[in-house]
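Everything below concerns the one structure shown next.
Protein chains in written order, with our numbering: chain H, 2 to 201; chain F, 2 to 201; chain S, 2 to 201; chain L, 2 to 201.
Structure follows, in structure tokens:
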């Protein structure tokens, strides 16, 4: 089965998610609509938006990199991919909820849960891809022991627990994970270059 | 006529439908905006969202599979495809209406009607494709007697009728149909593999 | 210059316009949210939605057909295409306004103006395409005297004027134009087939 | 790394931004919903929408032209492109804010800041592309001294400062920059034609 429509559909969904998120930045209305204060009141929502934008950028980036190492897809991959898109689609909701309530406890906890589920869903997608491509595939070698994925899940779990003590620290941990992932997955790029330089 | 733009357009519309549906998950506002209770109040909407997400995933998946077995399209196919997209576009409305009103009678009935019309529209699209491809085509053989489509329509009809007695049972029936379809259409995949293995 | 990105961008914009239009179908809220009456109250909006969906389908269809007869694009085509997309993007606004106000005079007039401007914008795009392709091109021969486009513009103008006497008649005329266009542009399809059968 | 998915994703995001912007044109509601006055009240929003539509059209156009001169992309390009999309995604917000408040001081200032950041982000993307393609590349020669980009940034800065004295003049300056850019980037098109006519 051809991978191009799966790529196009995922691109479409991620592009829409990343863009509708900005709809949560609601235009100030009422008597003070044009005060700078009304803009400052939006700053927690804006900060949340920036972080979520980066997260979605990371997911799109990694999805892009991963799919380049993949030759074809099957039914299981289509569904694990949809499963990932489902959890990504919840990002705008938790982003807006967290931002509008100034990083209150429950919204920060839920933001973490959605990030955690995204990480898990991404792991499941990778597993389905590797099962399809084979253990000796380029992808399997490139991913190897997915320490980045595992460490992210661990940090999310800590951040979710800490959100009950101090939600600011949790938010800092979410930023930390974004920093870890910010660099695109060199492993796959490296392996592809190796293959090109040295085709077996 | 080339099928790639029809695929791209359908992908785009389905991707947007699946994503704007999440806008019906409205961020809790008001004095209790950060209570967990406000999240629990959203659970019927969330459950409806999950089911509709799966339905749209199934339609995208089957559309994907079907189009792979098709070589070209004509004007009738373009319009029967738009007809399907029309009914799919109503899914977010009935999903939100059903979820916000906790599976009340009329919303559940209408949800069923939209699902039914989607199934009918999909059947019409398949008929137009088979008419275009020919009775001896790969697609015609793969689809054969479309028992899944027929049984779905029958269950929807029952669910719509039952919604006047007990809307919970109707919702259960909608879940049942999703389960029947969850497995991607093996028939077409099987036939494609046969053709590849044994080109006539 | 390559035409594929122009096609992809136009598909994307039209797909989004056609889908966000359904957001104007607002979920009934308030004490009577689950009554069938609240659904009946939506019927003018729903009818407007159906007509606009068909119009956008026609534009997408004709765009699709036209672009198949085109070999490349230039800067002027990119901008006349964006100009068309601009007027198409106003369709959801006038559709919702007309539907919510039960076909009141001003909304019906404005709906007609937007349709008229779309027809004009489409004509400009066609002219830019023909100027680029040449007077002896497949496209120029296929379009010939664009009686359908001209008659549409005439009917829109009549409908806009009549909307001040009776907006129902105007709406009927909008339906009439949709019927005229419903059949995809056989001229271009016919010419393409001729060319394939008889390459000069 | 292949450039096609980056193009598709950018097309998707820009298409969505350009289309959701129209959602800020809110359907008039209330007792005077069908008066022509309610439409006139929307005119500042409508004028803002037209300008932003043209700006997004310019960015899409230039993005299109630039990418045609590019052979491949790398991680840095993916991220500088996402950075540009981030600033583009803020255009609907400032457009709506400016339009609803009739070109009040703060919204006009912020509109200018977002345009300025878009111009800066576009410059960063161009720099990343040229670094990747090489100083002797087609793109580097075509862009040369980016006087258009530099003059735009200068005018934006002036407009932002002037917005504190007279926001109408600022808006006029934003229109001026749009006029400067309206003509697609002839430099790149010219260089591509040269290359085709005279391949080294």
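All residues carry an ideal CB built from backbone N, CA and C; glycine is no exception.
Since the model is a prediction, treat every value here as computed from it, not as a measurement.
With 16 as the cutoff for other CB atoms within 10 Å, does residue i come out buried or exposed?
i             : result
residue 91/L  : buried
residue 12/H  : buried
residue 97/H  : buried
residue 100/L : buried
residue 135/H : exposed
residue 111/L : buried
residue 54/L  : buried
residue 82/H  : buried
residue 86/H  : buried
residue 43/S  : buried
residue 1/H   : Past the edges of chain H, shown from 2 to 201, lies residue 1/H, and the structure says nothing about it.
residue 41/L  : exposed
residue 17/S  : buried
residue 1/F   : No answer is possible for residue 1/F: it lies beyond the span of chain F, which begins at 2 and ends at 201.
residue 178/S : buried
residue 37/F  : exposed
residue 167/L : exposed
Find the nearest neighbour of residue i within the set the options, judged by alpha-carbon distance.
i             : options                       : result
residue 30/F  : 13/H, 59/H, 53/H and 105/H    : 105/H
residue 80/L  : 47/L, 44/L, 100/L and 127/L   : 127/L
residue 67/F  : 39/F, 153/F and 130/F         : 130/F
residue 84/F  : 19/S, 123/S, 137/S and 78/S   : 19/S
residue 22/F  : 140/H, 94/H and 59/H          : 94/H
residue 150/H : 170/H, 171/H, 125/H and 26/H  : 125/H
residue 169/F : 148/F, 107/F, 115/F and 137/F : 107/F
residue 180/H : 152/H, 162/H and 166/H        : 152/H
residue 113/S : 162/S, 32/S, 28/S and 50/S    : 162/S
residue 103/L : 50/L, 63/L and 138/L          : 50/L
Report the neighbours of residue i on chain L: residues whose CB is nearer than 8 angstroms to its CB, in chain order.
i            : result
residue 37/H : 107
residue 46/H : Chain L residues near residue 46/H: none, gap ~11 angstroms exceeds 8 angstroms.
Check the Cβ of residue i against every Cβ in chain H and list those closer than 7 angstroms, keeping chain order.
i            : result
residue 17/F : 17
residue 20/F : 14, 17, 18, 21 and 90
How would you list, in chain order, the residues of chain A whose beta-carbon sits under 7 angstroms from the beta-carbon of residue i?
i            : result
residue 93/S : Looking at the structure shown, chain A is missing, and the protein chains on hand are H, F, S and L.
At 8 angstroms on the CB atoms, spell out the chain H contacts of residue i, in chain order.
i             : result
residue 129/F : Per Cβ cutoff of 8 angstroms: no residues; residue 129/F is ~20 angstroms from chain H at best.
Can you determine whether any heavy atom of the ligand ADP sits closer than 7 angstroms to the C-beta of residue i, and answer yes or no?
i             : result
residue 142/H : Of ligands this structure carries none, so the ligand ADP is not represented either.
Name the chain S residues whose beta carbon is nearer than 7 angstroms to that of residue i?
i            : result
residue 54/L : 87
Taking 8 angstroms as the threshold (C-beta atoms), are residue j and residue i in contact?
i             : j             : result
residue 122/L : residue 157/L : no
residue 9/H   : residue 9/L   : yes
residue 89/S  : residue 15/S  : yes
residue 176/F : residue 52/F  : yes
residue 65/S  : residue 6/F   : yes
residue 182/S : residue 59/S  : yes
residue 39/F  : residue 109/F : no
residue 142/L : residue 73/L  : no
residue 174/L : residue 155/L : no
residue 140/L : residue 77/L  : no
residue 24/H  : residue 46/H  : no
Counting only Cβ pairs nearer than 9 angstroms, list the residues of chain F close to residue i.
i             : result
residue 134/S : In chain order: nothing, as chain F lies at least about 19 angstroms away.
residue 34/S  : 98, 101, 102, 105 and 108
How would you list, in chain order, the residues of chain L whose beta-carbon sits under 7 angstroms from the beta-carbon of residue i?
i            : result
residue 10/S : 12, 16 and 61
residue 6/S  : 8, 12 and 65
Below 8 angstroms on C-beta distance, what does residue i contact in chain F?
i            : result
residue 28/S : 25, 94, 97, 98 and 101
residue 40/S : 107 and 111
Name, please, each residue of chain F whose Cβ falls closer than 7 angstroms to the Cβ of residue i.
i            : result
residue 83/H : 58
Check the Cβ of residue i against every Cβ in chain H and list those closer than 9 angstroms, keeping chain order.
i             : result
residue 166/L : Within 9 angstroms Cβ-Cβ: nothing; residue 166/L doesn't reach chain H, min ~16 angstroms.
residue 126/L : Within 9 angstroms Cβ-Cβ: nothing; residue 126/L doesn't reach chain H, min ~14 angstroms.
At 4 residues or longer, what runs of the alpha helix (DSSP H) sit wholly inside the region 13-66 of chain S? 37-42
Minimum length 3: unbroken beta strand (DSSP E) runs contained in the region 58-126 of chain F
none
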